[in-house]
Amino acid sequence: MSSSTNKQSSKNIYSHLRRIPLELYPLAAVLLVGFGAATYQLGNKLFFDPSLRRYPSKKSEH
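Per our numbering, residue 1142 is the first one in the sequence shown, and the count goes up by one each step.
This is how it looks when you write it as structure tokens:
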């Protein structure tokens, strides 16, 4: 990719970001924090909770 193409695409991204109303920035920040907290809690539960059964229990032979 040439340098002019990178500059063109970055200008295109920034022009789209400028069209977003400023009133929506706090909403985006709150959503990002919420998704981040949910991801953290899910990862914490999946990897560090000893009472959570992650694999099927072994069947006992009859």
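Each residue gets a CB set at the ideal place from its N, CA and C atoms; glycine is no exception.
Predicted model, so just to flag it, every value in this text is computed and none were measured.
For Y1166, the enclosing alpha helix (DSSP H) has its first and last residue at L1165 to F1189. In this structure, DSSP gives R1159 a helical state, which the three-state scheme calls helix. Taking 8 Å as the cut-off, the Cβ atoms of L1193 and K1199 do not count as close. In the three-state scheme derived from DSSP, where H, G and I count as helix and E and B as strand, S1151 is classed as helix.
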